[in-house]
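Below you'll find the structure, written out as structure tokens, and then a few comments.
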Amino acid sequence: MKTTLKISILISFSFLFLLACKKEINTTWEPEILKQFKQKGIASNLPDYSYAGYAYGEKAIPNSKGKIYNISNYGAIANDEIDDTAAINKTIEEAGKNGGGIVFFPKGKFLVNMDTTKTAIVRINYSNIILRGSGSEKNGTIIYSGTATNQAENNSPWLSPFVFHSGLNLFGTDRFFGVDELVVHSKITNNHKAGSSMLSLESTKNLAKGMIVLIALQNTTDDGNLIYDLMQPLPFEAFQKNYTEAGIQRAKSFQYPMEIAEVIDAHQIRLKQPLRRAISLNFNPTISIMPMLKNIGIEHFKFESAWDRNYKHHGNREMDYGWGAINLHRVSHGWIRNIHIDNYTQTTHLVNSRNVTIENIKITGKAGHYSPKTYHSSDNLMQNIKVTSTVTHGPSLEGCSFGNVYRNIHFSNPTPIDFHGMADKGFCPPMYNLYENITGIESIAGGAAPQNIPHAGEYNTFWNVEMTGRKDGSYHELFYSWIWRNPKQFKNDMHIDCHKQYLRSNVIGVFTKRTDEKLSIEHSFKDRSDAWIYVEGLNSTKKIVPLYESQLQLRLNNN
Numbered sequence: 004m005k006t007t008l009k010i011s012i013l014i015s016f017s018f019l020f021l022l023a024c025k026k027e028i029n030t031t032w033e034p035e036i037l038k039q040f041k042q043k044g045i046a047s048n049l050p051d052y053s054y055a056g057y058a059y060g061e062k063a064i065p066n067s068k069g070k071i072y073n074i075s076n077y078g079a080i081a082n083d084e085i086d087d088t089a090a091i092n093k094t095i096e097e098a099g100k101n102g103g104g105i106v107f108f109p110k111g112k113f114l115v116n117m118d119t120t121k122t123a124i125v126r127i128n129y130s131n132i133i134l135r136g137s138g139s140e141k142n143g144t145i146i147y148s149g150t151a152t153n154q155a156e157n158n159s160p161w162l163s164p165f166v167f168h169s170g171l172n173l174f175g176t177d178r179f180f181g182v183d184e185l186v187v188h189s190k191i192t193n194n195h196k197a198g199s200s201m202l203s204l205e206s207t208k209n210l211a212k213g214m215i216v217l218i219a220l221q222n223t224t225d226d227g228n229l230i231y232d233l234m235q236p237l238p239f240e241a242f243q244k245n246y247t248e249a250g251i252q253r254a255k256s257f258q259y260p261m262e263i264a265e266v267i268d269a270h271q272i273r274l275k276q277p278l279r280r281a282i283s284l285n286f287n288p289t290i291s292i293m294p295m296l297k298n299i300g301i302e303h304f305k306f307e308s309a310w311d312r313n314y315k316h317h318g319n320r321e322m323d324y325g326w327g328a329i330n331l332h333r334v335s336h337g338w339i340r341n342i343h344i345d346n347y348t349q350t351t352h353l354v355n356s357r358n359v360t361i362e363n364i365k366i367t368g369k370a371g372h373y374s375p376k377t378y379h380s381s382d383n384l385m386q387n388i389k390v391t392s393t394v395t396h397g398p399s400l401e402g403c404s405f406g407n408v409y410r411n412i413h414f415s416n417p418t419p420i421d422f423h424g425m426a427d428k429g430f431c432p433p434m435y436n437l438y439e440n441i442t443g444i445e446s447i448a449g450g451a452a453p454q455n456i457p458h459a460g461e462y463n464t465f466w467n468v469e470m471t472g473r474k475d476g477s478y479h480e481l482f483y484s485w486i487w488r489n490p491k492q493f494k495n496d497m498h499i500d501c502h503k504q505y506l507r508s509n510v511i512g513v514f515t516k517r518t519d520e521k522l523s524i525e526h527s528f529k530d531r532s533d534a535w536i537y538v539e540g541l542n543s544t545k546k547i548v549p550l551y552e553s554q555l556q557l558r559l560n561n562n
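Here this note's numbering is used: the first residue of the sequence shown is 4, the next is one more, and so on.
Pasting the structure below:
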């Protein structure tokens with residue numbers, strides 16, 4: 004009898020548990036735009052973000068067990084108060100010349116860039132190099148930078164070196180890299196639809212699987228047919244010169260590095276991922292071989308610095324650009340993980356890189372300029388980041404940056420999401436990027452010089468983002484653009500439709516924690532779908548399905 008009673012209770016408990024699980028599943032909200040994506044793909048106007056990160060998310064970051072090069076054997080001794088930069092670089096050189104390996108840092112404090120008369124940083128100029136510390140806590144490996152690294156005003160200070168910096172053997176820091184620095188390898192000979200992974204070329208000679216090719220589209224008319232196609236229906240104002248003059252300059256405004264999956268024959272290649280936008284022969288499409296470093300990893304460090312002043316945005320170039328921790332430049336398939344960055348005004352940058360994963364990052368200390376940022380970089384994954392320091396610009400994108408994913412990020416102090424426009428003439432603003440499950444955001448409020456704005460191109464997506472909103476009278480606006488909120492300076496109208504400077508954004512499940520307030524877009528609380536924006540579930544606090552994980556699982560299941 005007792006046994007029967009126990010079984011009956013167990014069955015009842017199991018039934019209630021399953022019922023609760025079913026209720027949990029049923030109360031998880033799947034937005035309509037994701038349902039449409041599952042049926043129509045990118046024709047739903049929701050980009051596919053599943054290709055972001057190391058190895059396209061198809062395998063985990065490796066715990067590599069290759070040959071170990073211990074920096075102590077090359078003269079870098081922890082806690083000896085002697086600058087270790089040269090010894091660290093000597094170790095990296097030794098590993099690089101032998102095909103790569105693990106450059107190992109024991110526990111303790113290592114000094115870099117201590118000479119105030121010159122800039123001496125740690126340089127990674129080889130593929131297959133992993134810089135591995137012994138932990139990111141105070142009893143782990145500490146990299147201490149003693150001197151600012153900002154460049155002179157006439158030498159692109161915004162591209163100043165970081166303490167750990169890759170790819171400077173491929174291109175320097177005096178100007179932005181673009182397709183005009185490369186030789187055109189081949190013209191693209193056919194129109195191709197968005198979603199296609201095939202490219203027809205004049206020639207595939209010297210191309211090979213795994214190469215990165217830079218696809219470029221060019222303005223071919225004086226009125227800027229390409230930039231208009233990218234940004235329509237947004238009109239440009241006279242001060243937005245890098246947009247209004249793109250046609251006259253014949254600027255190659257769209258530049259996207261992509262990986263070759265297969266060389267089919269003498270005239271066709273297959274790309275590792277589908278095209279994000281159509282390629283038209285009207286825009287003189289070409290490809291160029293883009294040399295990259297591959298398989299670069301930086302892991303298990305704490306970064307500290309001698310920066311001890313009070314930060315003010317654009318107070319001087321040292322404040323803005325003089326203290327940067329890690330810059331992966333010209334890297335294809337790499338990672339930065341398990342890092343604590345304390346007292347830096349710039350934290351991690353990706354420049355002309357793709358398929359890099361940055362994860363498990365802690366940013367603390369004095370106020371600074373940037374949390375993680377990408378310049379002209381695509382299909383990277385930045386996740387699991389906690390920022391307790393105050394920063395001017397939150398998760399940031401600039402220039403030809405496409406398909407990047409920022410997710411699972413918390414800011415302790417209200418911080419804007421930053422879109423920084425095209426960066427310089429000859430490019431376009433960021434497009435097709437995802438911000439997901441981010442808390443502590445103030446608003447979407449891009450920076451950039453006026454000539455480089457609009458802040459963002461099309462189909463950037465904000466999914467399950469918690470904001471306070473930027474106060475505008477009794478409203479709390481999601482979007483802010485400084486060129487449309489200062490009529491006296493820019494001699495234009497005062498705008499409440501700042502979302503148009505972030506063209507065709509997808510806003511899904513964006514909400515505020517403040518129970519007595521609501522977020523607004525153009526002083527409206529309503530969902531909408533028009534030529535400028537798609538809004539679904541504004542101010543909803545329902546539990547929402549994760550977008551990046553859903554798309555990745557969908558792709559992997561279909562392969």
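Each residue gets a CB set at the ideal place from its N, CA and C atoms; glycine is no exception. Source: prediction; values computed, not measured.
Alpha-carbon to alpha-carbon, residue j and residue i
i      : j      : result
Ile412 : Tyr246 : 32 Å
Gly181 : His423 : 17 Å
Glu97  : Asn131 : 12 Å
Glu265 : Arg333 : 22 Å
Ile499 : Tyr478 : 10 Å
Asn489 : Asp496 : 8 Å
Leu171 : Gln154 : 15 Å
Gly78  : Ser283 : 56 Å
Met385 : Pro375 : 8 Å
Gly454 : Glu240 : The question names Gly, but residue 454 in the sequence shown is Gln. C-alpha separation (whole angstroms): 9 Å.
Thr418 : Pro398 : 9 Å
Glu248 : Ile456 : 13 Å
Gln258 : Gln556 : 28 Å
Leu37  : Ile444 : 23 Å
Residue i and residue j closer than 8 Å at C-beta
i      : j      : result
Thr348 : Met322 : yes
Gly460 : Leu506 : yes
Leu162 : Thr176 : yes
Trp338 : Ile124 : no
Ile105 : Ser67  : yes
Ala55  : Asp382 : yes
Phe108 : Gly136 : yes
Ile267 : Ala211 : no
Arg312 : Pro50  : no
Asn48  : Tyr435 : no
Ala437 : Tyr52  : One point to set straight first is that residue 437 is Leu, not Ala, in the sequence displayed. Cβ distance < 8 Å, so Leu437 and Tyr52 count as in contact.
Gly250 : Ile218 : no
Pro173 : Pro34  : Checking the displayed sequence, the identity of residue 173 turns out to be Leu instead of Pro. For Leu173 and Pro34, no; Cβs fall outside 8 Å.
For residue i, three-class secondary structure by DSSP
i      : result
Gly99  : helix
Asn92  : helix
Ile28  : With a pLDDT of 47 at Ile28, under the threshold of 50, the modelled position of that residue is not reliable, and the figure given next carries that caveat. Here Ile28 sits in helix by DSSP.
Val187 : coil
Trp485 : helix
Glu262 : strand
Leu550 : helix
Ser543 : coil
Gly44  : helix
Asp226 : coil
Gly250 : coil
His526 : coil
Glu321 : helix
Gly368 : coil
Lys255 : coil
Arg558 : helix
Asn355 : coil
Cβ separation of residue i and residue j, assumed to be a contact under 8 Å, to the nearest whole Å
i      : j      : result
Lys305 : Lys141 : 7 Å
Ser380 : Asn407 : 7 Å
His303 : Gly327 : That pair is no contact at about 19 Å.
Thr350 : Tyr373 : 6 Å
Trp32  : Ile447 : Trp32 to Ile447, Cβ: 22 Å. No contact.
Phe569 : Asn509 : Residue numbering for the chain in the displayed model covers 4 to 562; residue 569 lies beyond these limits and cannot be assessed.
Gln3   : Asn287 : Because the chain here runs from 4 to 562, residue 3 falls outside it and cannot be looked at.
Lys503 : Trp535 : 5 Å
Arg357 : Pro433 : With a Cβ gap of about 14 Å, Arg357 and Pro433 do not count as contacting.
His188 : Ser291 : 5 Å
Can at least three beta-carbon pairs, one atom from the segment 469-481 and one from the segment 84-95, be found at a separation below 8 Å?
no
Given 8 Å, three or more beta-carbon pairs between the segment 200-211 and the segment 273-285
yes
Any chance the segment 473-491 sits against the segment 423-436, with 3 or more Cβ pairs inside 8 Å?
no
Decide yes or no for the touch test of the segment 247-267 against the segment 147-167: beta carbon pairs closer than 8 Å, at least 3 of them.
no
Determine contact between the segment 65-75 and the segment 365-381, defined as no fewer than three beta-carbon pairs at a distance below 8 Å.
no
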